[in-house]
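This report refers to the structure that appears directly beneath it.
In my numbering, the protein residues as written are 22 to 942.
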C-alpha cells in the first residue's frame, strides 16, 4: 500500500520536543505527533488505520521520536539531501515481488507542495537504516515511556522474547535477571519473588508487587500462576510504593496479556516432552462490531515430574509392576497440571473512551511437600546423614484463582480518567487425605518413612549413634508419622481511580486513590497417623465434632489452627514529572497507605474452644496465654512512601539518574500459639540509587548500570514451630543491603543478539531483637536432643546477637549471558537459535550464615524453525545439563522440630525438554 502526501523542506531532526502519545492507530497517533511537534501533516486517514504505532512519551528529537513510534511497524522514515522527510510503507515480501516501495510524505512546518512532487520524491528517498536494538516501551510507572529514559532499573521481555525463552511462570523470569531470584517450596502458595535481597517469606504478603493486566495481586498464592498469551513482562527494581503502595518495597513485576484486535487472528501451539509433558495453548481475537473486540485464550499443561519419591518407586518395584527405565510417573512428586482460561472484551465507543472487561480462571493441581531430611550425627556434629526423598505418598496441592476486572478509560481534552475495578477469589488446599497420590492419609510432614528410618539406624557405624537415633526416632521406626493438611481461602475486591495528563508542556502527572477489601480464612491441621487403620478413624467427642487422636489406638487430629482475617486498606497517590529543561527531568511521587487488620481466633493450641474444637486451654484461668474462640484482635498499619528522581539526558544516547524511594509492607498477627511473638511489625525500606543508561554504536549497543544502597527496617522473617506446627513471623530491626548491577544488549550483526548481566550485593544485619534471640535459643537448647545443641558457628552468631551476619534467602552474586541468532533460509523461513546461562552464588539460608547454597549454573536453550512467519517448530530445554540443587534449605534452627537435630531441603526441578509446534494466522 502506498500513502502519498505533500513535500516538506528544512526538516530539523535534531530539535527536541516533549511528546505524550499512547500506542494507537497510526491515523490518530500521527495526527497527535504533528500537533505536539508543531508541524503540518497530511495523509489519507483510511489508508493507515490498519497500522498501530508505538507509544511515545518523553523528550525526543524528531528522529528519535519517529524511530520509537514506527518500530516494528511496516512504516519507516527517511530524509533526502534537501531536507525532505518521507515515511516509507514497506510491503510484505510477496508484495515486493510485484511492486516497488512507495512512500508517504510528511509536511513539516508550513511548506506544502503537490501530490506529484511527493511521487517524484519517492523515487529519490534513501533506504531505512540497518536494524539495531528495538526501542523498549514500558508501562511500569503507569504510563507508556521509553525504558531508556525511566530513572529506575527496569527489565522488559517482549512477546517474542517470551516465546523464544519459553517463559511460562515467574521462575522463568527471575533466572534471566541479575539480583533477582525466586524461592519455591512446600506448595504453590510458597513461591516468593526476591529483588535486590528483598524477599517474601512463608505466611507474609508479597514483597514485590505483581500486577497482572493492571490489577495488583492480593495474595502470595497468585504469584505462581501460569503466564500464557502474554504481550510483555516488565520487572521494575527498587521500592515502587509511591505508585503501587504496600507490598512493593522490592519492586514491581508487570504482566500484560495480549489485547483484543480489530482483525481476526489466532494462535495455537501443542507440544510434549520428558516427564510425560503435554501442553496445548491457544488464543482467538477479532472484532464483533466496529467498536467491540474480543480475545479468548486458554492453556492446558500436564507434567508427570522429575523429582522421584524413592519410597513409592521401591513399592512399585516390590510389587513387580514392570519398572523399566524411568520410574512410573506417579512416583514423581513435582507433577503439575494447569488448566487456565481468559476472556476479554474491549469496547471503544469513541476515540476517547475504552471499556476493557476481563475474566480469568487458573486451576492448578500439583505435587507438594517433597522435603528431604538431613540429620546431624550424635557422635560428630560436623557429620550429616542425608535421606533421599521418601514419603508414604505424593501430597497434592489444589489451587483455583478466579479473577475479574473492569477497566474504563476516558480521555478529556487535557486529562485521562481511568477506573479499575477488580475482584479475586483464591482458594488452595494441600496434603488432604484422599487426595495424596499413592496413599490415603494426610501429607507426611516428617518427610521420611519407616523402611528408610530403620535402614538409616541399622547402617550407623557407631553404637552411640544407633542408640541415640533408635530412641529419638522410635515412633517413626515403628511406622507412625505426623501428617498435615492446610486450607486457604482469600477473597479481594479493589477499586482504583486515576487521573493522568499534562499541566503544561513541561509537567506530566498521575494522581489517584485506591481501596482494597480482603477476607481470608486459613486452617492448618496436624494428624497422628498409625500404620494400621483408616484416616480419621477416632471417634469424635460429640456428633460432628473434631476427630482427635489418642496416639495409641486410632488416627486423628493433633492440632488445628484456624483464623479468619478481615483487612481494609486504602491509599492516595501522585506522581509528577517536571521537564525542567530539554535535558533535565525531575520526578516527585508519593503515596499514603493505611491498612487495618483484624484477626478472629477460631481454634488453635492457645484458643479455648470450650470443648467444641481441638484447642483445650482455659481462657478463664490463664487469659494472658489463652484466647476465647471467636475473640478478635486488630491493628492499623500506615506509611507515607515518597519517591524523588532526577534524570539528565544530554542527548538521545545517554541518561544519567538518581533516585531515592521508600517502600512499605504491613505487619500482622501470627497464628495462635506462635513461639516467638504474637504479632510482627511493618517493614520499611529506604533505597538510594545512581545509574546510567546508554544506547551506543548506532543503536546496536545498550549498556545500563546502577549502584544502590538500601536501609531495611523490621525485615520480616519466617520461623516454624515443629512441635505444634505453627508458622510465624518475626522482625529483624535493622539491616543494610548494597549492590551494583550492569546489563548489556549488543546487536553484533543484524542476525546475532548478545546479552549479559551481572549483579553483586553485600548485606549485613546491624541490629537484632535480643528478646527474639533469647526465646529462640532457649527453645533450641530445651528441644534439641543432641549433646551438642548448637554448632560452634551458630552459637557464635547467637552470642553476637546476629550482628554482622548476612541477610538470608537470596544469592549475593548473580550473572546471566545469552545469545540469539536468526538465520534466514530461503525467502521467508528462519532458523532461530537461543542459548542462555545463569549463575548464582553466596545464598545464605539462615541468619547464622552457616548454611550456604553451592554455586548454581543453569543452561536453557531453544532452536526454532519458522516457516513464513506463521508456522514454527521449537525444540527447547530448561536446566539442560540437569544440575541438582535446592530451591529452599531450612536448618533446624529455623524449623524447631525438636528431638534429633535435622535440616530439611527442597529440591528444585531437574532437566525438562520438549518439542512444540506453533501456528498463527
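Ideal placement from N, C-alpha and C gives every residue a C-beta, glycine not left out.
Around residue 240, the same chain offers 447, 511 as residues with beta carbons nearer than 6 Å, after the five sequence neighbours per side are excluded. Note on geometry: alpha-carbon atoms of residue 158 and residue 167 lie some 5 Å from one another. If you check the CB distance, residue 80 and residue 674 do not come in under 7 Å. Residue 274 and residue 575 have their C-alpha atoms spaced approximately 48 Å apart. No Cβ-Cβ contact shorter than 7 Å links residue 500 with residue 462. The Cβ-Cβ distance between residue 577 and residue 626 does not fall below 7 Å.
For residue 915, the enclosing alpha helix (DSSP H) covers residues 913-916. The way I'd put it, the stretch 658-677 does touch the stretch 604-622; three or more beta-carbon pairs between them come closer than 8 Å. According to the DSSP secondary-structure assignment, residue 587 is paired through a beta bridge with 540, 619. Taking the Cα of residue 155 as reference, the smallest distance to any Cα among 91, 164, 202 is reached at 91. Counting only the Cα atoms, residue 767 lies some 6 Å from residue 774. Closest in C-alpha terms to residue 323, from the list 907, 357, 190, 791, comes 357.
For residue 328, there is no enclosing beta strand (DSSP E), as DSSP marks it with neither H nor E. Burial state of residue 678 is buried, judged by a 10 Å Cβ sphere holding 16 or more other Cβ atoms.
The C-alpha of residue 927 is placed about 14 Å away from the C-alpha of residue 913. With contacts defined as CB atoms closer than 7 Å, residue 672 and residue 749 fail to qualify as a contacting pair. With fewer than 16 other Cβ atoms from the protein chains shown falling within 10 Å of its own Cβ, residue 563 counts as exposed.
Following the DSSP letters along the chain, one finds residue 377 inside the beta strand (DSSP E) bounded by residues 374-388.
Annotated three-state conformation of residue 816 is helix, per DSSP.
Shortest Cα-Cα distance from residue 369 to any of 192, 400, 309, 569 involves 309.
Comparing alpha-carbon positions, the option among 453, 837, 177, 430 lying closest to residue 387 turns out to be 453.
With a cut-off of 8 Å on Cβ pairs, the stretch 795-815 is not in contact with the stretch 709-722, counting fewer than three such pairs. Leaving aside the five residues that flank residue 427 on each side, the residues in its chain whose CB is nearer than 6 Å to its CB run, in chain order, 378, 442. With the rule of 3 Cβ pairs closer than 8 Å, the stretch 858-874 counts as touching the stretch 824-832. Contact between residue 418 and residue 451 holds: their C-beta atoms lie close to 4 Å from each other, under 8 Å. Of the residues assessed, residue 852 falls on the exposed side of the cut-off, its CB having fewer than 16 other CB atoms within 10 angstroms. Looking at the backbone, the Cα of residue 237 and that of residue 230 are separated by about 7 Å. Where residue 263 is concerned, the enclosing alpha helix (DSSP H) starts and stops at 262-265. Per DSSP, residue 475 is one residue of the alpha helix (DSSP H) stretching across 471-479. DSSP, read as helix, strand or coil, puts residue 240 in coil. Remark: C-beta atoms of residue 686 and residue 268 approach each other more closely than 7 Å. A distance below 6 Å between beta-carbons, with the five flanking residues on each side excluded, links residue 876 to the following residues of its chain, in chain order: 862. Ranked by how close their Cα comes to the Cα of residue 530, the residues 430, 244, 596 have 596 in first place.
In this structure, the CA atom of residue 739 is about 22 Å from the CA atom of residue 906. Using a Cβ-Cβ distance cut-off of 8 Å, the stretch 784-797 and the stretch 753-763 are in contact, since at least three pairs of beta carbons, one from each stretch, lie closer than that value. A buried status is given to residue 543, since no fewer than 16 other beta-carbon atoms sit within 10 Å of its beta-carbon.
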